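Encoded as structure tokens, the structure appears first; notes follow it.
Numbering (the working numbering), first residue to last: 123 to 429.
Here is the structure:
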């Protein structure tokens, strides 16, 4: 769970005059489901029971409703949202294909169904999601930090970070579009294990040992980047993508991930420069700490897969 950012997701489709289908996804942890609920305007009434089922890390409800006069200009509430730290992505699609995409931050609990979403609105929502995802994704950040410790030469570091970026962009796109399907449990366990391996390489190089990773770090960054991209895709799939703006949402989620990664790399390099000297012993100590944490994640996630 180290890198998960799991907002709720509400999707409303206009299926006919004053007729709507509703999908409501709430984050869940085991049997504990977030206590937040959709409240449609008083002009609406449910036309079907609210069918519920579980998916990975969430509970989904689907139902249909009729709203006298339509939903345009009406307030829709997420009851209880203001009492949580959960954010909600909302998408409202009309029959003509026009859509409205909003992001309700913590403390907000309602929105007005109004104008269709513009390109900039969709881009803004998903670029922030990607940015937050990487900065709150401690396992991914540990991997990038290990790369920074592993590679002293700036030119080789740039090539390696670029390789990591290209690789996770490929698998993020492929998995999100459905070209690649992988179970999330094993992927998360392998991501943690990849951090252990890179941290171990930092220690080995500190001891004067030479390996393929030391000579060609970009190959390792690219290979493990493919794995990390699947982890990004898993988080994005739990959020959901607007059907009529998938390329835009996917592109800007990826842009947000990259901006967050660049911010972390820049901040870390500035910190290293401020300290002025990060000698081998310090690097090895940091690598040991990263390795121990990642080993714990790896064991925990592997046990979760087996159980």
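The beta-carbon is built from N, C-alpha and C at its ideal position, and this holds for glycine as well. All figures in this text were calculated on a predicted structure; none of them were measured in a lab.
Q. Secondary structure at residue 196, three-state DSSP: helix, strand or coil?
A. Of the three classes helix, strand and coil, the one that applies to residue 196 here is coil, per DSSP.
Q. Roughly how many whole angstroms lie between the Cα atoms of residue 142 and residue 188?
A. When only Cα atoms are considered, residue 142 and residue 188 end up about 6 Å apart.
Q: Out of 293, 197 and 225, state which residue places its alpha-carbon closest to the alpha-carbon of residue 208.
A: The shortest Cα separation from residue 208 among 293, 197 and 225 belongs to 225.
Q | Identity of the residue in 394, 318 and 290 nearest residue 380 by Cα | A | Ranking 394, 318 and 290 by Cα distance to residue 380 puts 290 first.
Q: Return the chain-ordered list of same chain residues with a C-beta closer than 6 Å to the C-beta of residue 218, the five sequence neighbours on each side being excluded.
A: So the list is empty, once near-sequence residues are dropped.
Q. Straight-line CA distance for residue 306 to residue 191?
A. Cα to Cα, residue 306 sits roughly 43 Å from residue 191.
Q) For residue 227, does the count of other Cβ atoms within 10 angstroms reach 16, so buried, or fall short, so exposed? A) The residue in question, residue 227, is exposed, as its Cβ has fewer than 16 Cβ neighbours within 10 Å.
Q. What do you get for residue 212, buried or exposed, if any count of 16 or more other CB atoms within 10 angstroms of its CB means buried?
A. That one is buried.
Q: Apply the 10 Å Cβ neighbour rule to residue 153 and answer buried if 16 or more other Cβ atoms are within range, or exposed otherwise.
A: Classification for residue 153: exposed.
(Q) Do residue 311 and residue 302 have their beta-carbon atoms positioned less than 8 Å apart in this structure? (A) Contact: no.
**Q.** From 184, 340 and 426, residue whose alpha carbon lies closest to that of residue 276
**A.** Of the candidates 184, 340 and 426, the residue whose Cα lies closest to the Cα of residue 276 is 340.
(Q) Please tell me whether residue 315 and residue 420 are closer than 8 Å, where the distance is taken between their beta carbons. (A) Contact: yes.
Q | Cβ-based neighbour list, residue 364, same chain, cut-off 7 Å, excluding 5 preceding and 5 following | A | Closer than 7 Å at the Cβ level, and outside the excluded window around residue 364, lie 213, 221, 223, 244 and 371.
(Q) Give me the DSSP bridge partner(s) of residue 404. (A) The beta-bridge partner set that DSSP reports for residue 404 is empty.
Q: Can you have a look at residue 167 and say buried or exposed, based on whether 16 or more other CB atoms are within 10 angstroms of its CB?
A: It is exposed - the Cβ of residue 167 has fewer than 16 other Cβ atoms within 10 Å.
Q: Given a cut-off of 8 Å, decide if residue 202 and residue 158 are closer than it, judged by their beta-carbon atoms.
A: Between residue 158 and residue 202, the C-beta spacing is below 8 Å.
Q | 7 Å CB neighbourhood of residue 170 in its chain, flanking five on each side removed | A | Counting only residues of its own chain and dropping the five nearest sequence neighbours on each side, residue 170 has a CB closer than 7 Å to the CB of 185 and 186.
Q. Who are the Cβ neighbours of residue 333 in its own chain at under 7 Å, not counting the five residues just before and after it?
A. Setting aside the 5 residues that flank it on each side, residue 333 is surrounded in the same chain by 323 and 326, each with a C-beta closer than 7 Å to its C-beta; the list follows chain order.
Q.
With the cut-off set at 8 Å, would you say residue 292 and residue 348 are in Cβ contact?
A. Pairing residue 292 with residue 348 gives a Cβ-Cβ distance under 8 Å.
Q.
Here's the rule: buried if 16 or more other CB atoms are within 10 angstroms of the residue's CB, otherwise exposed. What is residue 397?
A. That one is exposed.
Q) Where does residue 175 fall in DSSP's three states? A) Look at residue 175 here: in three-state DSSP terms it is strand.
**Q.** DSSP state of residue 235 mapped onto helix, strand, coil
**A.** When secondary structure is reduced to three states using DSSP, residue 235 falls in the coil class, being assigned neither helix nor strand.
Q | Backbone CA spacing between residue 387 and residue 299 [nearest angstrom] | A | Going by C-alpha positions, residue 387 is about 29 Å away from residue 299.
Q | Backbone CA spacing between residue 309 and residue 353 [nearest angstrom] | A | Distance between the alpha carbons of residue 309 and residue 353: 7 Å.
Q. If you draw a straight line from the alpha carbon of residue 402 to that of residue 210, how long is it in whole angstroms?
A. Residue 402 and residue 210 have their C-alpha atoms roughly 45 Å apart.
Q: Tell me whether residue 223 sits in a helix, a strand or coil according to DSSP, three-state version.
A: Residue 223: strand per DSSP, three-state reduction.
Q: Compare the beta carbon distance of residue 269 and residue 283 with 8 Å and say whether it is the shorter of the two.
A: The answer is yes: Cβ separation under 8 Å.
Q | Beta-carbon proximity of residue 408 to residue 264, cut-off 8 Å | A | At the C-beta level, residue 408 and residue 264 stay beyond 8 Å of one another.
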